[in-house]
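Asker: Handing you a structure now.
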Amino acid sequence: RFEESEVPYQTLARFGLTQEKIEDLPMWALEDIGQGRRSPLLPIQVNNDEGETLKSRTRFALVRMEDGKVDVVFYPQLEKSPLEAFTQEQQEDLLAGKAILADVKDADGRSSKAFVQIDTETNQVMSVPTPVIGRNLEVLKDELKLSSAELTVMQKGEPLTLIMEDEQVTVGIDLNDKTGIRINQGDSQKWKENTKT
Numbered sequence: 001r002f003e004e005s006e007v008p009y010q011t012l013a014r015f016g017l018t019q020e021k022i023e024d025l026p027m028w029a030l031e032d033i034g035q036g037r038r039s040p041l042l043p044i045q046v047n048n049d050e051g052e053t054l055k056s057r058t059r060f061a062l063v064r065m066e067d068g069k070v071d072v073v074f075y076p077q078l079e080k081s082p083l084e085a086f087t088q089e090q091q092e093d094l095l096a097g098k099a100i101l102a103d104v105k106d107a108d109g110r111s112s113k114a115f116v117q118i119d120t121e122t123n124q125v126m127s128v129p130t131p132v133i134g135r136n137l138e139v140l141k142d143e144l145k146l147s148s149a150e151l152t153v154m155q156k157g158e159p160l161t162l163i164m165e166d167e168q169v170t171v172g173i174d175l176n177d178k179t180g181i182r183i184n185q186g187d188s189q190k191w192k193e194n195t196k197t
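For the sequence shown, full-length UniProt numbering begins at 1 and goes up steadily by one.
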């Protein structure tokens, strides 16, 4: 959790994101930022060494450094997603908007399993370690009394439609959601249309 007083407004202002612009964001966005999640896609501008003003769009997130200070990480909008590390089938699933299970390398080059999805606004590839989403899936499985086969459907990136109290409900993995799992009223088509950015 980040306090409002910890936000590095000076750093953000260098990119045209003034305190006033940040405070004008919707309440849900400020709440997400305070929780360390990514901001909405925002227009930024910065001057390069030649004095030219460069304009772009980016999301940002607050991070706590080892010394306890708060800094900013940017997730710039890319022309297209960097998918070279994935198989053809995985690339197709990612481009179709699915969250998939894949091997990812960390900064030290170590490989581990993670759920991976494309952020549709920035084209950045997001990943969350499998145990994090796995734990949330276990809770969901117990709560909704899901079978292993139903869980496998979700782990393969497909939403699962259930009938709960005579209502159609669809649940699936969505790394844009706080818990990594999103539940919507309606069928899988409606679930796909409601993907939060």
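Ideal Cβ placement from N, Cα and C applies to all residues, glycine included.
For Tyr-75, which beta-bridge partners are listed by DSSP?
Answerer: In the DSSP output, where bridge partners are listed per residue, Tyr-75 has Arg-59.
Asker: Is it the case that the Cβ atoms of Phe-2 and Val-72 are separated by a distance below 7 Å?
Answerer: No, the Cβ-Cβ distance between Phe-2 and Val-72 is not below 7 Å.
Asker: Give the range of the beta strand (DSSP E) segment to which Lys-105 is assigned.
Answerer: Looking at the DSSP string, the run of the beta strand (DSSP E) that includes Lys-105 is 100–105.
Asker: Would you tell me roughly how many angstroms separate the C-alpha atoms of Leu-41 and Glu-150, rounded to the nearest one?
Answerer: One C-alpha to the other measures close to 34 Å.
Asker: Nearest to Thr-122 by CA position, among Leu-101, Phe-15 and Ser-81, is which residue?
Answerer: That would be Ser-81, whose Cα lies nearest to the Cα of Thr-122.
Asker: Do you know offhand how far Leu-54's Cα is from Pro-76's?
Answerer: Straight-line Cα distance between these residues: approximately 13 Å.
Asker: Our contact map puts Asp-93 next to Gly-157 with C-beta atoms below 8 Å; I'd like the distance itself, whole angstroms only.
Answerer: Sure, about 6 Å apart at Cβ, within 8 Å.
Asker: Rounded to the nearest angstrom, how far is the Cβ of Ala-99 from that of Gln-117, given a contact under 8 Å?
Answerer: Contact holds; Cβ gap of about 4 Å.
Asker: Quick one: Cα of Gln-16 to Cα of Val-46, how far?
Answerer: A quick correction: the sequence has Gly, not Gln, at residue 16. If I take the Cα positions, the gap works out to 7 Å.
Asker: By the 10 Å Cβ neighbour count, where 16 or more other Cβ atoms means buried, how is Pro-159 classified, buried or exposed?
Answerer: Under this definition Pro-159 is a buried residue.
Asker: Could you give the C-beta distance for Asp-177 and Thr-161, rounded to a whole number, given that I count them as a contact under 8 Å?
Answerer: So it is not a contact: roughly 17 Å between Cβ atoms.
Asker: Can the beta-carbon of Pro-43 be found less than 7 Å from the beta-carbon of Arg-64?
Answerer: Not in contact: Pro-43 and Arg-64 (Cβ atoms no closer than 7 Å).
Asker: Is it buried or exposed for Val-125, if we count other Cβ within 10 angstroms and need 16 for buried?
Answerer: The residue in question, Val-125, is buried, as its Cβ has 16 or more Cβ neighbours within 10 Å.
Asker: Measuring only the C-alpha atoms, how far is Val-169 from Asp-142?
Answerer: In a straight line, the C-alpha of Val-169 is about 16 Å away from that of Asp-142.
Asker: Using the rule of at least 16 other Cβ atoms within 10 Å of the residue's Cβ for burial, across every protein chain shown, is residue 199 buried or exposed?
Answerer: Nothing can be reported for residue 199: it is not among the residues displayed for the chain, which extend from 1 to 197.
Asker: What are the start and end residues of the alpha helix (DSSP H) that includes Pro-131?
Answerer: Per DSSP, Pro-131 belongs to the alpha helix (DSSP H) from 130–144.
Asker: Jot down the residue ranges of each uninterrupted beta strand (DSSP E) in the segment 15–52, minimum 3 residues, whole runs only, in chain order.
Answerer: Qualifying beta strand (DSSP E) stretches, in chain order: 42–47.
Asker: Put Ala-13 into one of helix, strand or coil per three-state DSSP.
Answerer: Here Ala-13 sits in helix by DSSP.
Asker: Who pairs with Leu-54 in a beta bridge, going by DSSP?
Answerer: For Leu-54, which the question treats as bridged, DSSP gives the partners Val-46.
Asker: Give me whichever residues DSSP pairs with Leu-167 in a beta bridge.
Answerer: The sequence given here places Glu at residue 167; Leu does not occur at that position. Answer is Met-164, bridged to Glu-167.
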